[in-house]
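Residue 676 in the UniProt record's numbering sits at position 676 of the sequence shown, and the numbers go up by one each step.
Some notes on the structure that comes next.
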Amino acid sequence: MVAVSNMVDLTVEDGVAILTVDNPPVNALSSGVRAGLSDGVAQAAADDNVTAIVLICAGRTFIAGADITEFGGKATGPSLHEALEAMENCSKPIVAAIHGTVLGGGLETALVCHYRVSDAKARFGLPEVKLGLLPGAGGTQRLPRVVGVEKALQMVTSGDQIGADEALASGLISEIVTDLRGDAIAFAKKVVAEGKPLVRIRDQNAEIDAAKAKPELFSNIRKAIARKSRGFKAPEYNIRCIEAAVNSDNFDDGLKVEADLFRELMTGGQSAAQRHFFFAERQAAKIPDVPKETPEIEINSVGVIGAGTMGGGISMNILNIGTPVTIVETTQEALDRGIAIVRKNYENTAKKGRISQQDVEDRMALLTGSLNIEDLADCDLVIEAVFENMKVKKEIFAKLDKIVKQGAILASNTSALDVNEIASATVRPESVIGLHFFSPANVMKLLEVVRGDKSSHPVIKTSMAFAKRIGKVAALVGVCPGFVGNRILAPRQQQAQQLILEGALPHQVDKVLFDFGKPMGPFQMSDLAGLDIGWSEETSNGKEVLRDRLVEAGRRGQKTSAGYYDYDENRVPSPSPEIEKIILEFSEKNGKTRREISDEEILIRCIYPMINEGAKILEEGIAIRSSDIDVVWVYGYGWPIYRGGPMFYGDSIGLPKIVAKMRELKEQTGDPMWEPAALMVKLAEEGKGFKDFA
Ligand code: 3H9
Numbered sequence: 001m002v003a004v005s006n007m008v009d010l011t012v013e014d015g016v017a018i019l020t021v022d023n024p025p026v027n028a029l030s031s032g033v034r035a036g037l038s039d040g041v042a043q044a045a046a047d048d049n050v051t052a053i054v055l056i057c058a059g060r061t062f063i064a065g066a067d068i069t070e071f072g073g074k075a076t077g078p079s080l081h082e083a084l085e086a087m088e089n090c091s092k093p094i095v096a097a098i099h100g101t102v103l104g105g106g107l108e109t110a111l112v113c114h115y116r117v118s119d120a121k122a123r124f125g126l127p128e129v130k131l132g133l134l135p136g137a138g139g140t141q142r143l144p145r146v147v148g149v150e151k152a153l154q155m156v157t158s159g160d161q162i163g164a165d166e167a168l169a170s171g172l173i174s175e176i177v178t179d180l181r182g183d184a185i186a187f188a189k190k191v192v193a194e195g196k197p198l199v200r201i202r203d204q205n206a207e208i209d210a211a212k213a214k215p216e217l218f219s220n221i222r223k224a225i226a227r228k229s230r231g232f233k234a235p236e237y238n239i240r241c242i243e244a245a246v247n248s249d250n251f252d253d254g255l256k257v258e259a260d261l262f263r264e265l266m267t268g269g270q271s272a273a274q275r276h277f278f279f280a281e282r283q284a285a286k287i288p289d290v291p292k293e294t295p296e297i298e299i300n301s302v303g304v305i306g307a308g309t310m311g312g313g314i315s316m317n318i319l320n321i322g323t324p325v326t327i328v329e330t331t332q333e334a335l336d337r338g339i340a341i342v343r344k345n346y347e348n349t350a351k352k353g354r355i356s357q358q359d360v361e362d363r364m365a366l367l368t369g370s371l372n373i374e375d376l377a378d379c380d381l382v383i384e385a386v387f388e389n390m391k392v393k394k395e396i397f398a399k400l401d402k403i404v405k406q407g408a409i410l411a412s413n414t415s416a417l418d419v420n421e422i423a424s425a426t427v428r429p430e431s432v433i434g435l436h437f438f439s440p441a442n443v444m445k446l447l448e449v450v451r452g453d454k455s456s457h458p459v460i461k462t463s464m465a466f467a468k469r470i471g472k473v474a475a476l477v478g479v480c481p482g483f484v485g486n487r488i489l490a491p492r493q494q495q496a497q498q499l500i501l502e503g504a505l506p507h508q509v510d511k512v513l514f515d516f517g518k519p520m521g522p523f524q525m526s527d528l529a530g531l532d533i534g535w536s537e538e539t540s541n542g543k544e545v546l547r548d549r550l551v552e553a554g555r556r557g558q559k560t561s562a563g564y565y566d567y568d569e570n571r572v573p574s575p576s577p578e579i580e581k582i583i584l585e586f587s588e589k590n591g592k593t594r595r596e597i598s599d600e601e602i603l604i605r606c607i608y609p610m611i612n613e614g615a616k617i618l619e620e621g622i623a624i625r626s627s628d629i630d631v632v633w634v635y636g637y638g639w640p641i642y643r644g645g646p647m648f649y650g651d652s653i654g655l656p657k658i659v660a661k662m663r664e665l666k667e668q669t670g671d672p673m674w675e676p677a678a679l680m681v682k683l684a685e686e687g688k689g690f691k692d693f694a
């Protein structure tokens, strides 16, 4: 075996050159791979003993794309385009032997090979859109020529993968093989023996020509993705590239459109934010002080306390991975209701065709209801999901301490309470941790794992790993009121309330945040959650507290068709004259002279306090790194991923600008909340960003 580069080897076996890419972990197209592909193909082409070439990868996958860590830096070595051109124009057939995930630039590499075979488990996709990009190495021009325009549009705008069967059916591969290396070599020999042509996808125009008469393919996809892709640039740019493939006179013109649009996305803010988030998500799983060799606790059965919305949703995550759950309630009625809702949710999913009726039955069979907490004695993990009341939670944990076997994890789903205090109700605080799921718990991707002062390393490690098993992205946070997510939410909600007393109306504030990219603004969010959460009749003070006034007037949010908005029978909100009247009264009572408030002021006053709170959280060590805060906000609160998360956004605005504005607002209002966090001031003075804080 000869090393063509530090990442690509070449061997010749019985007239077939085998180029092996070996660049762990995912064989990304780093400069050494690009150089190896160019040189390896040139060497094989020049070798008279070689009649064909097989391109294969070592390790767990075929090339999974361009090397994202190289983006934004200075490119070295041959460009991907140069390497791919050399391959496509090679005078000897190249067969791609595919396994694992062939993604992005990896699929584009396969598409310049003259033939492709794969094993049965291989998965294919162009996921660039998820990084705010488009396939920039010919993917938007070649894929539609193979799988057809409609399917290509679907693949590039969603970034979703297809399996080997679908790839075979759509012509993306020629064969599914069992012995990848051996069968690919045999396939290459057959191509030579049978004198099969060197198929260059760029020359195949049948699918493109067929789509010329169907402009509706483009309007249809635009319509289909409009809601999901609101605010994102990349999906539309991907569509434009395929449109160019169809409408251009020749392949190279389409390729030029692709190159221009790729460059624009690559140098723009959205892709920078989405690439940041790609690494943020993976970084969040790494816990510096928990050694690699820490043992994990086996989780084979789970107990959930509380069959309400949270308890039911949490249970579904666990049933989905085939792990039995015992759910405990205090009354038969509450238990029956909770279990019925779980079943209904599954049946709705089955109706949409996402799972089978058998799946529904299999999952429900793993769920046991009980009125006796002692039934949790043998569980490996118990998650308490009752309402937010410290006294009740401590009673439950004291009971669990006596009942549940040693070594099990005792978790609370509290969204704000002190996990250390909850742990103090037991004599095994090392086994206690917070697992804060977000509602709806069976859907939302985020899990805040709240480490108590005494939570043990195995408990932390197992919780993070278990989160991954149930399809969540976990961020490890420390104990403070509201942890990371709700603590950052609080100052924004407070500013939103201030703004409506000073002159804005709920729909104006909501629109600014909606246009920023949030799924909804603070007032719509409150209406959705219910204004009566945490409200009680005894303590209600409608004379002084706006929220209390609304609840007292029966305006509890969407569920009563009235909250900060009026709702029609389809829950469509409209600004409410009654609310406007109440707000004006409140302004007057608070001595506020109402004024016109600009959208810019609204945005700054809602977002800067969040960034500032994030800085305090970092300063106090509640989050390990700023990117973990971004993960919490993107996956837990719908922060637009194309803005990277609040801390990334802070860095992109520039910390000196935020510090200066906060000081100005402090000067104007005297409100101590505008005091910039010491860490933010320090980083700003040092010319650094949150990303530099470790
Ligand atoms: C592109 O191709 C552009 C072209 O069209 C045009 C160019 C001109 N680069 O996810 P994992 C790292 S854009 C660098 O935990 P899994 C990752 O950070 C690219 N590094 O594993 C992690 O590092 P660490 C289009 C990468 O098994 C480690 O590998 N391609 C890349 O759960 C393991 O990753 C994509 O968007 C990369 N491309 O999933 C595919 N990919 O261990 C992106 C991964 O230090 N990748 N790393 O934390 C993926 O979707 C998943 O990583 C994959 C494996 C499915 C491959």
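Backbone N, C-alpha and C define an ideal beta-carbon position, used for all residues, glycine too.
For clarity, every value in this text was computed on a predicted model and none was experimentally measured.
Within 10 Å of its beta-carbon, does residue i have 16 or more other beta-carbons around it, so buried, or fewer, so exposed?
i	result
A678	exposed
N205	exposed
E293	exposed
V572	exposed
residue 705	Past the boundaries of the shown model lies residue 705; the chain is included only from 1 to 694, so the question cannot be answered.
residue 697	Residue 697 lies beyond the residue range present for the chain, which begins at 1 and ends at 694; the question has no answer from this structure.
P235	buried
D628	buried
D453	exposed
T61	buried
E281	buried
E258	buried
L505	buried
Mind checking which residues open and close the beta strand (DSSP E) that includes residue i?
i	result
R123	R123 to G125
A52	A52 to C57
S315	Element bounds for S315: not the beta strand (DSSP E) but the alpha helix (DSSP H), T309 to N320.
A272	Looking at the DSSP string, A272 is not in any beta strand (DSSP E); the run it does join, the alpha helix (DSSP H), is G269 to Q283.
Hey, residue i and residue j are a contact pair by Cβ (cut 8 Å); roughly how many whole angstroms apart?
i	j	result
I22	M7	The question names Ile, but residue 22 is Asp in the sequence shown. Right, the Cβ-Cβ distance comes to about 6 Å (below 8 Å), so this counts as a contact.
M673	P491	6 Å
S526	G485	With a Cβ gap of about 16 Å, S526 and G485 do not count as contacting.
M316	V290	Not a contact, Cβ separation roughly 28 Å.
G591	G557	No, G591 and G557 are not in contact; Cβ-Cβ is about 28 Å, not under 8 Å.
A45	S91	6 Å
A35	G77	5 Å
Considering only the beta carbon of each residue, do residue i and residue j sit closer than 9 Å?
i	j	result
T109	A245	no
D630	G654	no
F124	Q161	yes
I433	I460	yes
V41	V16	no
P93	A188	yes
F690	G614	yes
G306	E329	yes
V304	I318	yes
P135	G104	yes
A623	G478	yes
A474	S463	yes
A97	V117	yes
V386	G308	yes
G670	I597	no
I604	K543	no
A86	V192	no
Tell me where the alpha helix (DSSP H) around residue i begins and ends.
i	result
D566	Per DSSP, D566 belongs to no alpha helix (DSSP H); it is in the beta strand (DSSP E), Y565 to Y567.
I500	G485 to E502
T20	From DSSP, T20 is part of no alpha helix (DSSP H) but of the beta strand (DSSP E) over V16 to V21.
V634	S626 to Y637
A42	S31 to A46
D692	Where D692 is concerned, there is no enclosing alpha helix (DSSP H), given that its DSSP letter is neither H nor E.
Task: Start-end ranges of the alpha helix (DSSP H) lying completely within the segment 379-406, minimum 4 residues - done: 390-403, all fully within the segment 379-406.
TODO: Identify every run of the beta strand (DSSP E) within the segment 86-128, keeping only runs that are complete inside it and at least 3 residues long; order them along the chain.
DONE: Segments of the beta strand (DSSP E) lying fully in the segment 86-128: 94-98, 101-103, 115-118 and 123-125.
Open item on the list: I'd like the ranges of any beta strand (DSSP E) spanning at least 3 consecutive residues and lying wholly in the segment 530-616.
Closed with: Runs of the beta strand (DSSP E) inside the segment 530-616: 565-567 and 573-575.
Open item on the list: Restricting to runs no shorter than 4 residues, where is the alpha helix (DSSP H) found entirely within the segment 145-172?
Closed with: Correct list: 149-158 and 164-169.
TODO: Could I get the ranges of all uninterrupted alpha helix (DSSP H) runs contained in the segment 198-256, with 4 residues as the minimum, in chain order?
DONE: Counting only runs of 4 or more, we get 206-212, 216-225 and 234-247.
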